[in-house]
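What follows is a short report on a single structure.
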Amino acid sequence: MENPFVIKSYESKELFCDREEELQLMLRNCINNTDMTLISQRRMGKTDLILRLFDELSESQQEIHTIYLDISVSRSIDDFIKLLAEATMKSFQPQTSIGDKLMTFIKSLRPQLSFDNITGDPQLQITYQTAHEKEYTLRSLFEFLDNQDEHIVIAIDEFQQIRDYPEKNMEALLRTYIQQTHHLTFIFCGSKKHLMADIFSNEKDPFYNSTAFVSLDKISEVSYSTFIRKLMNERGRNITDEAIQFILEWTRRHTYYTQQLCHTIYANGSTDITIDDVKQACQQLMKQGEAVFLQYRQMLTDKQWNYLIAVAKEGCVQQITASKFLKRHNIGTPSASRRLAESLCEKGLLNDDITLEATTYSVGDVFLSRWMERL
Ligand SMILES: Nc1ncnc2c1ncn2[C@@H]1O[C@H](COP(=O)(O)OP(=O)(O)OP(=O)(O)O)[C@@H](O)[C@H]1O
Ligand SMILES: [Mg+2]
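Note that the working numbering has the sequence shown beginning at 74, numbered continuously upward.
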């Protein structure tokens, strides 16, 4: 039987764990046409939750269309328009009323249109003369969608990418278009770190101010253990409570890592899974990661590398300037510690989880963290 622990992207609601509360909230927001901003740490399950939501919408009585676009590869407003147009074409099939109108509209942009020879997905190439023309095209595309008298939800994943566009007015443009549309609901999705940084750097006029925030945390221990047991048992596998507990503890219930570990355990084939099977899979995953971990070492100074190890050995650190932490790991002054933490956060190797009470630092990649603990 196929491995039920999905490690690529959303497959079905049977293989999707919990997120019921967030899902209901997002459904309500969609129905009420409330724009949303979805944030979490990396690899916590944002993209999958959007796809889960879209799946639910497609099954519901609500006549709501969905468009998903991931803009992580986009470098400019041109790319953004291209991705939006392609995602729209994918979402409205030809030979439907909107599909036909859409095709006419797209053709009016005089693009070169081709189809990916593997996936069959449409691919567009549009040439512009001026910046004005681009903005006009983007606006027309939103207007076109808004004028269909259909409720459409548009999810823009990896939204922080627009910060790197050469066009610095992208936020302002989007804000204007979004405010002018009536039948479009937007979901902006991205890593907590970057979207939060944007929110604070634009305090006067934050782009996300008028959106509802949905923040994804870890899946609860109860939900995740029930889920793991169910998927295993349904496929004729037994697993001990102790083994499940070890999985959730070792991966810190960070979705991506928990899924990876369960996937490996399942793939290894044991029908009576004990804590020893789990430990063996943990070893495998650390071994698999090693080549990449050693690359990190090349990228970092000795001080940075040792600092990362220090945080890994602590698991998580709340007070990076506390003398106990500094002394134990030979880090030096509080300001040196702050500088190191900052540079490692910048590289994405360290997470800083900011709450009202404290900032907690941990190694972002759970497998790397576990591997470093033992150095
Ligand atoms: N609720 C869930 N149940 C089961 N698997 C999940 C769930 N949520 C996410 N996953 C799996 O965990 C992995 C990470 O999820 P996803 O890619 O959605 O995270 P993300 O927050 O979008 O990450 P990134 O910050 O890298 O974009 C994927 O393999 C996904 O299939
Ligand atoms: Mg994602």
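Glycine included, C-beta positions come from ideal geometry on N, C-alpha and C.
| Close beta carbons around F440, own chain, < 7 angstroms, minus the five adjacent residues each side | Excluding the 5 residues flanking it on each side, F440 has same chain C-beta neighbours closer than 7 angstroms at Y330, L358, M359, G362, in chain order.
| Nearest to I88 by CA position, among T107, D128, L98, S113, is which residue? | The identity of residue 88 in the sequence shown is Leu, whereas the question assumes Ile. Put simply, of T107, D128, L98, S113 the residue whose alpha carbon is nearest the alpha carbon of L88 is D128.
| Between K119 and ligand 2, is the CB less than 6 angstroms from at least one heavy atom? | Yes, since a heavy atom of ligand 2 falls inside the 6 angstroms radius drawn around the Cβ of K119.
| Y141 versus A158: straight-line alpha-carbon distance, rounded | Those two C-alpha atoms are separated by around 11 angstroms.
| Leaving out five residues before and five after F178 in sequence, what residues of the same chain have Cβ atoms less than 7 angstroms from its Cβ? | Closer than 7 angstroms at the Cβ level, and outside the excluded window around F178, lie F217.
| query | Got a sec: does ligand 1 put a non-hydrogen atom nearer than 6 angstroms to the Cβ of I80? | reply | Taking 6 angstroms as the cut-off, one finds at least one heavy atom of ligand 1 near enough to the beta carbon of I80.
| Residue from D350, N379, S147, Q333 whose Cα sits closest to the Cα of E446 | Taking the Cα of E446 as reference, the smallest distance to any Cα among D350, N379, S147, Q333 is reached at N379.
| Closest Cα partner of W323 within the set A385, D426, D108, L417 | Checked all of A385, D426, D108, L417; the closest Cα to W323 is A385.
| request: Can you give me the start and stop residues for the alpha helix (DSSP H) that G172 sits inside? | output: Taken as a continuous stretch (DSSP letters only), the alpha helix (DSSP H) holding G172 covers 170-181.
| Which residues in the same chain have their Cβ closer than 8 angstroms to the Cβ of T210, if we skip the five residues on either side of it in sequence? | Answer for T210: I154, L182, I199, Y201, listed in chain order.
| request: Excluding the 5 residues preceding and the 5 following G405 in the sequence, name in chain order all residues of the same chain whose CB lies nearer than 8 angstroms to its CB. | output: The answer, listed in chain order, is L399.
| query | With burial defined as no fewer than 16 other Cβ atoms inside 10 Å of the residue's Cβ, what is the status of S410: buried or exposed? | reply | S410 comes out buried.
| task | Take the Cβ of F286 as the centre, count every other Cβ of all protein chains shown within 10 Å, and call the residue buried at 16 or more, exposed below. | result | Flag for F286 reads exposed.
| field | Cα-Cα separation between I320 and N341, rounded to whole angstroms | value | Rounded to the nearest angstrom, the two C-alpha atoms are 15 angstroms apart.
| query | Do T299 and ligand 1 come close, with the Cβ less than 6 angstroms from some heavy atom? | reply | A distance criterion of 6 angstroms places the beta-carbon of T299 beyond contact range of ligand 1, judged by its closest non-hydrogen atom.
| query | Would you say M109 and L126 are within 7 angstroms of each other, going by their C-beta atoms? | reply | Going by C-beta atoms, M109 is not nearer than 7 angstroms to L126.
| message | Going residue by residue through the region 187-248, where are the continuous beta strand (DSSP E) segments of at least 3 residues, counting only ones entirely within it? | response | Listed in chain order, they are 195-198, 224-230.
| said: Would I260 and L111 be called neighbours here (beta carbons separated by less than 7 angstroms)? | reply: In this structure, L111 lies closer than 7 angstroms to I260 by Cβ.
| query | For P239, is the classification buried or exposed, using 16 other Cβ atoms within 10 angstroms of its Cβ as the cut-off for buried? | reply | Classification of P239: exposed, given that the 10 Å Cβ count is below 16.
| said: Please report the straight-line C-alpha distance between F165 and L214, rounded to a whole angstrom. | reply: CA-to-CA, the gap between F165 and L214 works out to about 14 angstroms.
| Proximity of N106 and T284 at Cβ, strictly below 7 angstroms | No. Outside cutoff.
| request: Note down the Cα distance separating K86 from M117, rounded to an integer number of angstroms. | output: K86 and M117: Cα-Cα distance of roughly 17 angstroms.
| message | Could you give the first and the last residue of the continuous alpha helix (DSSP H) run that contains H138? | response | It is not in any alpha helix (DSSP H) - H138 instead sits in the beta strand (DSSP E) that spans 137-143.
| Does the distance from the CB of Q333 to the CB of I80 come in under 7 angstroms? | In this structure, I80 lies closer than 7 angstroms to Q333 by Cβ.
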